[in-house]
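Please read the structure below before turning to the comments.
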Amino acid sequence: MFDAIKHAAANGGSAKDQARRRLHDTLIQDRVDLAPEVMEALKRDLLGVITRYMEAPEGFQEFEVRRENGWPVLVCRLKVREHQSKIASININ
Amino acid sequence: MTGRTIVVTSGKGGVGKSTTTANVGTALAMRGHRVVVIDTDIGLRNLDVILGLESRVAYDLVDVVQGVCKLHQAMIRDKHRFELYLLPAAQTRDKNCIQADQLNALCRNLEREFDYVIVDSPAGIDQGFKIAISAAREAIVVVNPEIAAIRDADRVIGLLEAAGLHRPKLVINRVSQEMMRRGDMMDEDDIVSLLSVEVLGMVPIDERLIIATNRGVPVVYDRKALSGVAFQKIAARIDGDEAVIPVANAKSGLMDRVRGLIGIDRSAFSHV
Ligand SMILES: Nc1ncnc2c1ncn2[C@@H]1O[C@H](COP(=O)(O)OP(=O)(O)O)[C@@H](O)[C@H]1O
Ligand SMILES: [Mg+2]
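For the record, the sequence lines run as chains V and X.
Residue 155 in our numbering sits at position 68 of the first sequence; the count goes up by one each step and never skips.
Residue 75 in our numbering sits at position 74 of the second sequence; the count goes up by one each step and never skips.
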C-alpha cells in the first residue's frame, strides 16, 4: 500500500502537482461529459477528416473543452502545412 | 437601498459552507451591517448550532413560507449586540416543502430590510441546491484544497453560471500553510488556474475554530484565531474593502477562466 504511494510519488513529482494535473484532465472530461475513449475517438476521427484536405503533420496541439459564457466549448488547434507553413486554426463550437 | 442576497454553496458536503455563512455573516454584522442568514438545508439544520442559537428556535423557514407564522416570529436575533438574525431550516420536513419562487419572494422582502441576506445551501446539486441558488444574486463557492471538493466546485460553478449567477467567488477553507510549503497540498495558484474564479480568501485548518464551534460562538469573536481573522478579511472584501488582502492572481471573467485552464501546462498557447 505504502509502496504504491511511493511509486506514484517517484513518477509524478510533488503530491500537489499530481493533484493539479489529474484535476486538469478530469475537469475537461467533466465539462463535456464524454468518456476519455470517446474523446480520443473524436480526436482521431476529426484528424482523419482534416487530413483529407490539409496536411497536419504534428496532430493536435490543443484539444480540449473549456467553459465560455457558461457553455462547454470544444477548442481544437493544429498546425497545417501551407505554402508558407503558417498556423491555421480550427475552432469547433 | 436594497441589500445583497448571496448564496454560499459548494457541491461537496462538509467543506465549510455553514461555518463560512455563520462567520462571514457575523463579521459583516460586526462591521455595522444588518444581516440575516438563512439555513436552507432542510432536514439537516446546522446553522443554529454553529451560531449557538439552537435553544431559541421556535419556527423555521418552512413555517414562514407556508404562512404558519410571521417572518419576524421565525427570525432569531443573535445573542450578541449586533444586528444579526438567523432564519433556521426545518428539521423534520423534506426538501420539497419549499419552492424556488417562495424563497425568492422571501429574499426580495428581506433585502428591503437587511444589508446582507446570506443563504446557506445544502450539499449536492439537486433540488435543494437549485432552490437555494435561485433566490441569490451573488454566489460564494467554498472549496477545500483537495481533488473531490475542487471537482465538485467546478461543476457547481458551471451550474451557477448557467443559472445566471456569473463570476462566483471562492473561499478556500481548511488550508495548511505547512503542507503547501512542502508541496503536499494545492495552493491558491493551483486552484485559481483550475477554476479561474476570483478568490475571496483562504481559511486555515484551525483547532480554535472547532473549539469555538463546540461552544456555539462563531470563531470571528476569537481574536487569536487565524481562521477568525481570515473570515474577517473575507467579510471585508465582500463589503468592498479592496485594500484588505491582496489575493494573488485573482482572475475574473470568462476568458480568464479559459486562460486559467490552458495555462497549466500549455502556456505556449495562452494567447488564445
Ligand atoms: N477551517 C476549519 N478548521 C477546522 N475545522 C473546520 C474548518 N472549517 C470547517 N470545519 C469543520 O468541518 C465540519 C464541516 O463544516 P460545515 O461548515 O458544517 O460544512 P458544510 O456546511 O459545508 O457541510 C464542521 O465540523 C466544522 O466545524
Ligand atoms: Mg452545512
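Positions of the beta carbon are idealized from the N, C-alpha and C atoms, including for glycine.
From a predicted model like this one, the values you see are computed outputs, not experimental measurements.
- By alpha-carbon distance to Tyr140 of chain V, the top candidate from V:His111, V:Arg108, V:Gly99 and V:Val167 is V:Val167.
- Placement of the Cβ of Asp121 of chain X at a distance of less than 7 Å from at least one heavy atom of ligand 2 is found.
- Leaving aside the five residues that flank Phe130 of chain X on each side, the residues in its chain whose CB is nearer than 7 Å to its CB run, in chain order, Thr10, Ser122 and Pro123.
- Straight-line spacing of the CA atoms in Ala106 of chain X and Ser101 of chain V works out to 49 Å.
- One alpha carbon belongs to Gly12 of chain X, the other to Ala122 of chain V, and they sit about 22 Å apart.
- Proximity of the region 146–165 of chain X to the region 113–121 of chain V meets the contact definition, three or more beta-carbon pairs being nearer than 8 Å.
- Residue contact check for Asp191 of chain X against chain V: a CB pair falls below 8 Å.
- Residues of chain X whose Cβ lies closer than 7 Å to the Cβ of Leu110 of chain V are, in chain order, Ile148, Ile151, Arg152 and Leu195.
- A straight-line Cα-Cα distance of about 33 Å links Met180 of chain X and Phe150 of chain V.
- The secondary-structure analysis by DSSP pairs Met203 of chain X across a beta bridge with X:Ile173.
- Pairing Val8 of chain X with Ala137 of chain X gives a Cβ-Cβ distance under 8 Å.
- Counting only Cβ-Cβ distances below 7 Å, Met187 of chain X has contacts in chain V at Lys103, Ala106 and Arg107, in chain order.
- By the CB criterion at 8 Å, Asp95 of chain X and Ile39 of chain X fall outside the cutoff.
- Listed by position along chain V, the residues whose Cβ is nearer than 8 Å to that of Asp79 of chain X form an empty set, because the closest Cβ is around 37 Å away.
- A direct Cα-to-Cα measurement between Leu72 of chain X and Glu162 of chain X gives close to 31 Å.
- Contact with chain X is absent for Leu165 of chain V, since none of that chain's Cβ atoms lies less than 8 Å from the residue's Cβ.
- Beta-bridge analysis with DSSP links Glu139 of chain X to X:Ile7.
- By the Cβ neighbour-count rule, Lys234 of chain X is buried, with 16 or more other Cβ atoms within 10 Å of its own.
- For Asp153 of chain X, the shortest separation between its Cβ and any heavy atom of ligand 2 does not lie below 7 Å.
- The three-state secondary structure of Tyr60 of chain X, taken from DSSP, is coil.
- Residues of the region 155–179 of chain X with a C-beta atom less than 7 Å from some C-beta of chain V are Asp155, Arg156, Gly159, Glu162 and Ala163, listed in chain order.
- If only uninterrupted beta strand (DSSP E) runs of at least 3 residues are considered, none is enclosed by the region 100–141 of chain V.
- Interface criterion not met: the Cβ of Arg139 of chain V is under 8 Å from no Cβ in chain X.
- At a cut-off of 8 Å between beta-carbon atoms, Asp117 of chain V makes contact with chain X.
- At a cut-off of 7 Å, the beta-carbon of Arg175 of chain X counts as near ligand 1: some heavy atom of the ligand is closer than that.
- In terms of Cβ geometry, Leu195 of chain X and Leu171 of chain X do not form a close pair [threshold 8 Å].
- Remark: the C-beta of Pro205 of chain X is in contact range of ligand 1, defined as less than 7 Å to any heavy atom.
- Set against 7 Å, the gap from the CB of Lys18 of chain X to the closest heavy atom of ligand 1 is smaller.
- Under the three-pair Cβ rule at 8 Å, the region 213–226 of chain X does not count as touching the region 184–193 of chain X.
- As a beta-bridge residue in DSSP terms, Val160 of chain V pairs with V:Arg153.
- Among the CB atoms of chain V, none fall inside 8 Å of the CB of Gly125 of chain X.
- Take the alpha-carbon of Val193 of chain X and the one of Glu199 of chain X: they are about 7 Å apart.
- Gly217 of chain X has its Cβ no nearer than 7 Å to any heavy atom of ligand 1.
- By the rule that beta-carbons nearer than 8 Å mark a contact, Gly12 of chain X does not touch chain V.
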